[in-house]
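Reviewing the structure listed below.
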Amino acid sequence: DENAFTVVNEFPGSQSIAQREKETTTVKIQCMHCLDPSCVSACIVGALKKEEDGPVIYNPSICIGCRYCMVACPFEILAYEYSNPLTPRVRKCQFCVNTNKEGKANPACAASCPTEAIVFGKRGELLELARNRINQKKDQYLNHIYGEYEVGGTSWLYLSGRDITEIGFKKLPKEAPPRLTEKIQHSIFKYGAIPIIFYGLLGAIMAYTNRKNKKGE
237 DENAFTVVNE FPGSQSIAQR EKETTTVKIQ CMHCLDPSCV SACIVGALKK EEDGPVIYNP
297 SICIGCRYCM VACPFEILAY EYSNPLTPRV RKCQFCVNTN KEGKANPACA ASCPTEAIVF
357 GKRGELLELA RNRINQKKDQ YLNHIYGEYE VGGTSWLYLS GRDITEIGFK KLPKEAPPRL
417 TEKIQHSIFK YGAIPIIFYG LLGAIMAYTN RKNKKGE
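Start counting the sequence shown at 237; every next residue gets the next number (the working numbering).
This is the structure in structure tokens:
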């Protein structure tokens, strides 16, 4: 949704009307603020930036609207203002970065959550808290902290009693996509494939041009 920084979805666990409310899982979905964000790597103008304290922030004044970041995001989170023909922007959660810089610790979602389903803190402390909850409530949570390792790790972490694929998430590899693409790029340049291809194409263009010139003569 281009008008929302976050979305809350419901995933019923049963088709039975009697069990539907009891088994429904409510999930808040927003930018995961990856530790090694693909969107930042894909952005050719630097409109997306990873802050040292966690947030991945977006600067609309630099953005050229190429939407490479949307293609690169493994979680398919970013939205685009297609309804705005003049100054469209990419839309994503900014982790309330301005609020935090003003000295207010919690993002709005964590500060306003009445049940403390959202907890804000340092990543290491939250991982420890999550492990303790899993150990203390094994009948309530699966032994999986979503975001601990996925695509290099994320700043948003999830605990769930249901498989992540049932509640709108994907099973993703541990390695961050930017590391994979860098390996490919480095391998290509290391063995000279790009220069060979480039000079091959250049030679073909020159040969074609020469033939055209000779025909013209």
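From the three backbone atoms N, C-alpha and C, an ideal C-beta is built for every residue, glycine too.
Keep in mind the model is a prediction, meaning the values are calculated, not measured.
(request) Pull up the CB-CB distance for Y385 and K410, whole angstroms please, since I reckon it's below 8 Å. (result) Within the sequence shown, residue 385 is the residue found at index 149, counting from 1. Within the sequence shown, residue 410 is the residue found at index 174, counting from 1. Going by Cβ atoms, the distance from Y385 to K410 rounds to 5 Å, so yes, they are a contact pair.
(message) Taking 6 Å as the limit between beta carbons, can you name the residues of its chain near C345, skipping five residues before and five after?
(response) Position 109 of the sequence shown, counted from the first residue, corresponds to residue 345. Taken in chain order, the residues that qualify are I354.
(message) Cutting at 7 Å between CB atoms, please list the residues of its own chain near I403, excluding the five before and the five after it.
(response) Here residue 403 corresponds to residue number 167 of the sequence shown, with the count starting at 1. Taken in chain order, the residues that qualify are F247, T261, V263, S396.
(request) Using DSSP bridges, identify the partner residues of Q266. (result) Here residue 266 refers to the residue found at position 30 when the sequence shown is read from its first residue. Q266 pairs with T242.
(request) In angstroms with no decimal places, state the Cα-to-Cα distance between G357 and P321. (result) As a first step, residue 357 is located in the sequence shown; it is residue number 121 there, counting from the start. As a first step, residue 321 is located in the sequence shown; it is residue number 85 there, counting from the start. So the two alpha carbons sit approximately 39 Å from each other.
(request) Would you list the one or two residues that DSSP bridges to K286? (result) Stepping through the sequence shown from its first residue, residue 286 is reached at position 50. Paired residues: V292.
(request) Evaluate the contact criterion for the segment 365–383 versus the segment 324–338: three or more CB pairs, one atom per stretch, below 8 Å. (result) no
(message) Using 8 Å for Cβ pairs, my map puts P414 next to D272. What's the rounded Cβ distance?
(response) The sequence position of residue 414 within the sequence shown is 178, counting from 1. The sequence position of residue 272 within the sequence shown is 36, counting from 1. With 8 Å as the limit, P414 and D272 qualify as a contact, their Cβ atoms being about 6 Å apart.
(message) If contacts are defined as beta-carbon pairs under 8 Å, then M268 and W392 qualify, I think. What distance do you get, rounded to the angstrom?
(response) For the purposes of this step, residue 268 is taken as residue 32 along the sequence shown, with counting starting at 1. For the purposes of this step, residue 392 is taken as residue 156 along the sequence shown, with counting starting at 1. With a Cβ gap of about 5 Å, M268 and W392 count as contacting.
(request) Taking G383 as the reference, give the member of F311, N239, P324, S297 with the closest Cα. (result) Here residue 383 is taken as the residue at index 147 of the sequence shown, counted from 1. Nearest of F311, N239, P324, S297 to G383, Cα basis: F311.
(request) Would you identify the three-state DSSP class for I424, choosing helix, strand or coil? (result) Within the sequence shown, residue 424 is the residue found at index 188, counting from 1. With a pLDDT of 49 at I424, under the threshold of 50, the predicted position of this residue should be treated as unreliable, though the coordinate-derived value follows. In this structure, I424 counts as helix in the three-state DSSP scheme.
(message) Given this structure, state the Cα-to-Cα distance separating V292 from A412, to the nearest angstrom.
(response) The residue given as residue 292 occupies position 56 in the sequence shown. The residue given as residue 412 occupies position 176 in the sequence shown. Between V292 and A412, the C-alpha separation is close to 15 Å.
(request) State the start and end residues of the unbroken alpha helix (DSSP H) segment that holds S274. (result) Here residue 274 refers to the residue found at position 38 of the sequence shown. Its alpha helix (DSSP H) spans residues 274–278.
(message) Is it buried or exposed, Q372, if we count other Cβ atoms within 10 angstroms and call 16 or more buried?
(response) By one-based count along the sequence shown, residue 372 stands at place 136. It is exposed - the Cβ of Q372 has fewer than 16 other Cβ atoms within 10 Å.
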